[in-house]
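First the structure, in the form of structure tokens, and then the observations on it.
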Amino acid sequence: MSQQTHDFGLGLFVARLSLLTPSLPALQMCSVSDGRLCETGLNCVVDLSFEAESPLAPPAELLERLPSYDWLLQGGGRQIFFPPLEAPGRPLEQRCWSSFVEHRVPMVTEEVAREALLSFVSSKCCYGSAAAGDLVIQELKQQTLCRYRLETFTESRISEWTFQPFTNQSVDGPQRGTSPRLWDIKVQVPPMFQEDTRKFQVPHSSLVKECHKCHGRGRYKCSGCHGAGMVRCPSCSGAKRKAKQSRRCQMCSGSGRRRCSTCSGRGNKTCTTCKGEKKLLHFIQLVIVWKNSLFEFVSEHRLNCPGELLAKAKGESLFKDENTVVYPIVDFPLPEISLASQRGIAEHSAALASRARVLQQRQTIELIPLTEVHYWYQGQTYVYYIYGTDHRVYVVDYPERYCCGCTIL
């Protein structure tokens with residue numbers, strides 16, 4: 469009897485596209501009753517219990533060439549492709565920033581400052597409220613900051629070979645037509661600036677092949693017992709008796725061997741790749757990734773509040789510009805904001821142009837109020853900060869703190 473198999477050599481999940489060539493026959497080695505190896509084709513009987521588990525990878529020569537995907541063979545492997553950018557939107561018209569000069573965020577009063585601290589203290593289990601109620605506010609230093617944000621929403625498409633167990637389902641193979649190119653496949657785009665990842669099977673790319681891991685048998689030899697179904701007793705190490713003891717080992721009843729727990733004594737296991745189905749359905753998978761890239765800048769300030777808190781603070785919207793492509797802000801009253809806009813757009817363009825297609829961009833400017841509160845309590849001076857339009861509090865050193873381990877935010 470003559471059998472033909474394939475040489476297997478790629479990664480478990482993704483077959484390198486650059487190596488797609490017609491499969492070539494190869495001689496399979498099998499075991500005979502006395503343990504010697506012979507070439508399939510001679511008079512021998514294949515013993516499943518001694519068929520070792522094959523490499524996890526699909527074979528290099530497994531899949532036939534798909535004419536419509538020859539253009540993917542340039543670099544091989546997992547490929548990312550994107551089309552030319554669409555025509556950009558119209559440039560932002562010159563804007564009058566007088567509204568910024570006239571715009572003012574409501575000032576924080578002593579009453580508001582005290583209420584914000586009381587609310588903060590009540591949310592902490594180890595902070596006393598007496599200091600917040602009895603403190604004497606000495607000074608309020610207030611400053612309004614600007615936060616610039618640029619969001620770039622992109623789509624990238626990745627192609628890869630993958631497989632799943634074949635359960636006699638319908639096969640959409642090359643015989644049904646030519647597979648479309650990646651960017652010709654129409655999909656529903658998620659809402660703008662909401663990240664998502666979806667996977668699709670490319671039409672007419674399916675092929676059914678024998679499972680490369682179990683050679684189409686649905687099972688393979690257990691690696692724990694090497695197909696024997698039994699393993700050496702861990703208690704007596706196969707000696708049947710424990711050291712310096714005359715009685716037989718109780719764990720193995722004196723046999724020196726125990727049933728293999730990996731395969732439950734069967735000597736072989738169901739193939740985890742094909743789930744015992746013996747065949748695999750290979751197909752090209754399209755992976756679409758929608759990603760929102762963020763550039764953020766907060767204007768400088770003279771106070772000692774940590775910058776990472778201000779980046780998360782709730783602000784009041786002053787300006788918003790959204791289009792397929794946005795243009796740098798010019799002539800803003802704070803030059804550092806204009807420079808941040810130029811830098812952010814340039815960085816996103818350089819980083820994303822070669823990797824993905826830009827679907828939408830959005831840039832915003834928000835005003836963030838920041839107040840440094842100096843207060844007196846029991847003969848000492850302390851400081852805390854109020855930031856954001858929702859009056860969040862950052863405490864530097866609170867006088868009534870009963871235990872450690874709390875994060876002061």
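Number 877 marks the last residue of the sequence shown (our numbering); no jumps. Ideal placement from N, C-alpha and C gives every residue a C-beta, glycine not left out.
Counterpart residues of Asn736 in DSSP-defined beta bridges: One-based indexing of the sequence shown puts residue 736 at position 268. For Asn736, which the question treats as bridged, DSSP gives the partners Lys689.
Neighbourhood of Asn760 by C-beta distance below 6 Å, restricted to the same chain and skipping five residues each side: Here residue 760 corresponds to residue number 292 of the sequence shown, with the count starting at 1. Here the set comprises Glu619, Phe621, Phe661 and Glu663.
Beta-carbon contacts of Pro837 that lie in its chain and below 6 Å, excluding the five residues immediately before and after: Translated into positions along the sequence shown, residue 837 becomes position 369. Correct list, in chain order: Val573 and Thr612.
The beta strand (DSSP E) enclosing Leu748, as first and last residue numbers: Locating residue 748 in the sequence shown gives position 280, where the first residue counts as 1. Residues Lys747 to Val766.
Cut-off 8 Å between Cβ atoms - residues of its own chain near Lys710, not counting five sequence neighbours on either side: Numbered from 1 along the sequence shown, position 242 holds the residue referred to as residue 710. So the qualifying residues of the chain are Ser703, Cys704 and Cys717.
Where Phe634 sits in the DSSP three-state scheme: Position 166 of the sequence shown, counted from the start, is the residue given in the question as residue 634. In the structure shown, Phe634 sits in coil (DSSP, three-state: anything other than H, G, I, E or B).
Residue nearest to Gln656 in terms of C-alpha spacing, selected from Glu790, Glu784, Trp758 and Pro774: Position 188 of the sequence shown, counted from the start, is the residue given in the question as residue 656. The shortest Cα separation from Gln656 among Glu790, Glu784, Trp758 and Pro774 belongs to Trp758.
Inter-residue Cα distance where the pair is Cys593 and Ala600: On the sequence shown, position 125 is the one that residue 593 refers to. On the sequence shown, position 132 is the one that residue 600 refers to. If you take the alpha carbons of Cys593 and Ala600, they lie about 14 Å apart.
Residue nearest to Glu868 in terms of C-alpha spacing, selected from Arg860, Tyr845 and Ile854: Counted from its first residue, the sequence shown places residue 868 at position 400. It is Tyr845 whose Cα lies nearest to the Cα of Glu868.
Check: Phe661 C-beta below 7 Å from any heavy atom of the ligand SAH: Only the bare structure without any ligand can be found here, which leaves the ligand SAH out of the picture.
Of the residues Lys708, Arg725, Arg666 and Leu771, the one placed nearest Val699, counting alpha carbons only: Residue mapping note: residue 699 aligns to position 231 of the sequence shown, counting from 1. Nearest C-alpha to Val699: Arg725.
Continuous beta strand (DSSP E) assignments of at least 3 residues falling wholly in the segment 789–845: 825–845
Every unbroken alpha helix (DSSP H) inside the segment 581–649 [4 residues or more]: 598–602
Beta-carbon proximity of Lys609 to Glu768, cut-off 8 Å: Counted from its first residue, the sequence shown places residue 609 at position 141. Counted from its first residue, the sequence shown places residue 768 at position 300. No, Cβ-Cβ distance for Lys609 and Glu768 is not below 8 Å.
Buried or exposed by the 16-neighbour rule on C-beta atoms within 10 Å, applied to Gln606: As a working mapping, residue 606 is identified with position 138 in the sequence shown. Label assigned to Gln606: exposed.
Closest Cα partner of Phe751 within the set Gln632, Val604 and Arg617: Counting from one through the sequence shown, the residue named residue 751 turns up at place 283. Checking every option, the nearest Cα to that of Phe751 belongs to Gln632.
Alpha carbon of Glu583 to alpha carbon of Thr849, nearest angstrom: Counted from its first residue, the sequence shown places residue 583 at position 115. Counted from its first residue, the sequence shown places residue 849 at position 381. Their Cα atoms are separated by approximately 19 Å.
Under the three-state DSSP convention, the category Leu777 falls into: The sequence position of residue 777 within the sequence shown is 309, counting from 1. In the structure shown, Leu777 sits in a helix (DSSP, three-state: H, G or I).
Spatial distance of Val755 from Glu804 (CA atoms): Working through the sequence shown from its first residue, we reach residue 755 at position 287. Working through the sequence shown from its first residue, we reach residue 804 at position 336. Going from the Cα of Val755 to the Cα of Glu804 covers about 39 Å.
Counted within 10 angstroms of its Cβ, other Cβ atoms place Asn736 as buried (16 or more) or exposed: Translated into the one-based positions of the sequence shown, residue 736 becomes position 268. It counts as buried.
For Val580, the nearest candidate out of Val864, Asn791, Ile854 and Phe765 (CA to CA): Translated into the one-based positions of the sequence shown, residue 580 becomes position 112. With distances taken between Cα atoms, Val580 lies closest to Ile854.
8 Å Cβ shell around Lys747 - same chain, five flanking residues per side excluded: If you number the sequence shown from 1, residue 747 lands on position 279. Only Pro633, Phe634, Val676, Lys677, Glu678, Cys679 and Gly684 meet the Cβ criterion.
Backbone CA spacing between Glu521 and Arg625 [nearest angstrom]: Start at 1 with the first residue of the sequence shown, and residue 521 comes out as number 53. Start at 1 with the first residue of the sequence shown, and residue 625 comes out as number 157. Low confidence applies to Glu521: its pLDDT is 45, below 50, so where it sits in the model is not reliable, and the reading given next is rough at best. C-alpha separation (whole angstroms): 34 Å.
For Ile854, the residue or residues it bridges with in DSSP: Taking the first residue of the sequence shown as position 1, residue 854 is located at position 386. Bridge partners of Ile854: Thr839 and Val861.
The segment 784–799 touching the segment 810–828, judged by at least three CB pairs closer than 8 Å: yes
Status (buried if at least 16 other CB within 10 Å, exposed otherwise) for Ser587: For the purposes of this step, residue 587 is identified with residue 119 of the sequence shown, where counting begins at 1. Ser587 is exposed by the Cβ-count criterion.
Delimiting residues of the beta strand (DSSP E) encompassing Gln718: On the sequence shown, residue 718 is found 250 positions in, with the first residue counted as 1. Counting along the chain, Gln718 falls outside any beta strand (DSSP E), and DSSP gives it neither H nor E.
Three-way DSSP call (helix, strand, coil) for Glu579 in this model: The residue labelled residue 579 in the question sits at position 111 within the sequence shown. Note: Glu579 maps to helix in three-state DSSP.
Contacting residues, own chain, Cβ-Cβ under 6 Å from His859 (five flanking each side not counted): Residue numbering aside, residue 859 sits at position 391 when the sequence shown is read from its first letter. Same-chain partners within the cutoff: Ala584.
Proximity to Leu762 [Cα-Cα], best of Ser817, Glu745 and Gly744: Counted from its first residue, the sequence shown places residue 762 at position 294. Measuring from the Cα of Leu762, the nearest candidate turns out to be Ser817.
Distance between beta carbons of Cys739 and His692, contact taken as under 8 Å: Counted from its first residue, the sequence shown places residue 692 at position 224. Counted from its first residue, the sequence shown places residue 739 at position 271. It should be noted that the sequence gives Gly, not His, for residue 692. The pair is not a contact, with the Cβ atoms about 15 Å apart (cut-off 8 Å).
Inter-residue spacing [alpha-carbon to alpha-carbon] between Thr695 and Gly686: Here residue 695 refers to the residue found at position 227 of the sequence shown. Here residue 686 refers to the residue found at position 218 of the sequence shown. The question names Thr, but residue 695 in the sequence shown is Gly. Looking at the two C-alpha atoms, the distance is approximately 15 Å.
Cβ pair Gln753, Gln669 closer than 8 Å: Residue 753 sits at position 285 when you count from the first residue of the sequence shown. Residue 669 sits at position 201 when you count from the first residue of the sequence shown. Yes, the pair counts as a contact, with Cβ atoms nearer than the cut-off.
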